[in-house]
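So the structure is just underneath, and the comments pick up after that.
2 protein chains.
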Amino acid sequence: MSSITIAVDAMSGDRGPKVAVAAALDAVRENEALSIILVGNQAELEALLQEGHPRITISEAVDVIRMNERPSHALRHKQNSSMAVALRLVRDGEAQGCVSAGNTGALMAFGRSIIRMYPGIERPAITKLIPSLRGKCHVLDLGANVDASAENLYQFALMGSLMASAVSGLTEPRVALLNVGEEEIKGNEQVRLASHMLAQSDTVNYIGYVEGSDLFRDVADVVVCDGFVGNIALKTGEGVAGLLIELLEQAFSRGVYGRLVGWLARPMLGRLLRLMDPARHNGASFLGLQGVVIKSHGNANERAMLAAIRQAAREVTMEVPRRINDRLDELMI
Amino acid sequence: MSSITIAVDAMSGDRGPKVAVAAALDAVRENEALSIILVGNQAELEALLQEGHPRITISEAVDVIRMNERPSHALRHKQNSSMAVALRLVRDGEAQGCVSAGNTGALMAFGRSIIRMYPGIERPAITKLIPSLRGKCHVLDLGANVDASAENLYQFALMGSLMASAVSGLTEPRVALLNVGEEEIKGNEQVRLASHMLAQSDTVNYIGYVEGSDLFRDVADVVVCDGFVGNIALKTGEGVAGLLIELLEQAFSRGVYGRLVGWLARPMLGRLLRLMDPARHNGASFLGLQGVVIKSHGNANERAMLAAIRQAAREVTMEVPRRINDRLDELMI
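Chains as they are written, first to last, in my numbering: chain A, 745 to 1077; chain B, 745 to 1077.
Okay, here's the thing in structure tokens:
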């Protein structure tokens, strides 16, 4: 197994560098092929690292991008931020991928300005594997863009299909558009036009429209929507899961009988709780850039940050950007 | 208690008139103030009603609107459909409200053409009370419109606020816009402009942006979005709930031990299962029309259809349209 280096923006998350440093230590300990470059305030990171680790190094960055900072402002004034420095490490080949828990808009703006896009792709999209009853589903865009033209949706479908092939080994991933109904007449103009374009495509195995409830029913391998819709669908789903977990915990903590049955039920609920655990699913891919860029939840804890680093390592190992780029190159000829 | 009459479009649902007739019989039996007019094929309805009920009558309609029929086509060719006839019963005062499990687009088109809109409101919206851990939240639009201008969103917020006052008795309902983040800079143009308009409003208690996960956290009483986003959020939430219920059932049906613990746990899971039961939550309100129009899920079963009829009766009893209309009239002066 060849060695991998991931740059971790240690400063931009809500919980500060402590979480990033702890997750980096966990990650290098569990994966002997992995090295990590922590990007941020040198003194602070050194103090947190204590005796350190031979496969963890520090790359200094003096600035931090705030969560509510305008991406355009960050782009002008924060070229020395931990986020920008981490992305440049990927561009310069010192790392093969990077992870940031910072401002999504700024990560997209810096990502596009620092790392080259795939040929023929206008905008990156954020994508994630959503667990379902059987199998998993790549959903994009989850919030890189607040709107999308039919051409953008078409390109997301193409990238999503290539991603599903590269990550899940599917030869003809089933690609669908998220819509308010399955009938042909439904939906807004962009979605209807994108559907028309996809139906003509030789490259994408387009299966038509799916609805929000289909995301968890293994009817498609890739589901495409604009970033506004995708972000709200994802967070609504997480909200329902959170509500249910809370109700389940309440039910099994009321009285002696409740706690006893809860204890008896614990082993059976393992799969359900794992499937619903947000920390396990942390880490969304910035798809469209010729490099692995993983966005972590802003308020990720150590376990969640570790999941995001693992995902970056996995995409690097599977050479996701190279494989997508090669296929897009062929298609553009 | 004064008597109420609800017109039920018995023909337009996926499961045919059998479900509507059975639900109508249940509804009049449990509510002595309620009369129902079943609208549809007389012979078929009479056969299903058997000996009948003194508070159930039949109003003949020869046509049925298909689920995938274009609303514009239905409007031209299906004036004698069960849906249109049911709406005219409301317009003519023979019923105070109606319920249909048919084509949403057609219901909106006929609703607008048959029943007057509130003063100053351009488009109706579909709204529903979403259960959360504490309290409930009115969400709109859930799919009446596939897009919405800032003015539309503003009007939805106004109607939603008046609805929450009328239905839940809140004096200053907390009204929020659904967005991809809580920061002021987030979101698409329509949402940002609507936020600006709402912030200036004396009538609406606007609290700013909320995210998808906030729908279940009792942070707002009314959440406003366009119909594309709302429909997908609602169905995604239902999808997650369905997935979880299925996993829970799987966990408690595996082996003797699993089934035993499941049986022991059943009483504790009651609240959770009730909260997640789609049939109990069936029935969405068409808000914007001067009359009670309730949209049922297309594939509603008897229990779900009964829930929709109950909701129509509740809104009629609470005089929701008159109360909203009076307030809007005042505001327009």
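Beta carbons: idealized from backbone N, C-alpha and C, even for Gly. Please read all numbers here as calculations on a predicted model, not as lab measurements.
Beta-bridge partners assigned by DSSP to B/C969: none are found.
For B/F1030, the enclosing beta strand (DSSP E) stretches over residues 1028-1031.
Neighbours of A/L873 in chain B, taken as residues whose beta carbon is under 8 Å from its own, are absent, since the nearest beta carbon is some 15 Å off. Contact of A/G757 with chain B is not assigned, every C-beta pair being separated by 8 Å or more. Under the DSSP assignment, B/P875 falls in the beta strand (DSSP E) whose first and last residues are 869-875.
Cβ-Cβ separation between B/V752 and B/L782: approximately 5 Å, consistent with a contact (criterion under 8 Å). For B/R814, the secondary structure class from DSSP, reduced to helix, strand or coil, is coil. In the three-state DSSP reduction, A/L922 falls in the strand class (E or B). Neighbourhood of B/V890 in chain A, by CB distance below 7 Å: V924, G931, N932, in chain order. Less than 8 Å separates the beta-carbon of A/L789 from that of A/A754. Per the coordinates, the alpha-carbon of B/A985 lies some 8 Å from the alpha-carbon of A/L988.
Using beta-carbon distances, B/A938 does not count as an interface residue toward chain A, since no partner is under 8 Å. In this structure, A/V966 lies away from A/A892, with their beta-carbon atoms at least 8 Å apart. The bridge partners DSSP lists for B/D958 come to none.
For B/D1021, there is no enclosing beta strand (DSSP E), as DSSP gives it neither H nor E. At the C-beta level, B/D807 and B/S825 come within 8 Å of one another. If you draw a straight line from the Cα of A/L992 to the Cα of A/V1037, it comes to about 35 Å. Straight across, the Cα-Cα distance linking A/S1040 with A/L1050 is about 10 Å. DSSP, read as helix, strand or coil, puts A/Y950 in strand. Listed in chain order, the beta strand (DSSP E) elements of length 3 or more contained wholly in the region 778-817 of chain B are 778-784, 800-804. Short of 6 Å from the beta carbon of A/F972, and not among the five residues preceding or following it, lie these beta carbons of its own chain, in chain order: V890. In terms of beta-carbon proximity, B/E993 stays away from the interface with chain A, with every pair separated by 8 Å or more.
Residues of the region 1034-1053 of chain B with a C-beta atom less than 7 Å from some C-beta of chain A do not occur. If you check each beta-carbon in the region 948-980 of chain A against every beta-carbon of chain B, the ones closer than 8 Å belong to E955, G956, S957, D958, L959, F960, R961, C969, G971, F972, V973, N975, I976, A977, L978, K979, T980. Between B/F854 and chain A, the shortest Cβ-Cβ separation is not below 8 Å. Bounds of the beta strand (DSSP E) holding A/A751 are 748-753. Taking the Cβ atoms as the reference, A/P1065 lies roughly 6 Å from A/G1035, within the contact range of under 8 Å.
For A/G760 and A/N1026, the gap between their C-alpha atoms comes out near 17 Å. In this model, B/D958 and B/D1021 are separated by some 20 Å (Cα to Cα). A check of alpha carbon separations from B/V883 across B/D970, B/G841, B/S945 identifies B/D970 as the nearest. In this structure the region 894-912 of chain A lies against the region 858-872 of chain A, because at least three pairs of beta carbons, one per stretch, are closer than 8 Å. Across the structure, B/L1075 and B/L906 are spaced so that their CA atoms are roughly 12 Å apart.
Here the alpha carbons of B/G925 and B/P917 stand approximately 21 Å from one another. For B/L877, the number of other beta carbons within 10 angstroms of its own is below 16, and it is reported as exposed. Here DSSP, grouped into helix, strand and coil, assigns B/L1050 to helix. Take B/S939, set aside five residues on each side of it, and the residues of its chain with a beta-carbon closer than 6 Å to its own are L921, in chain order.
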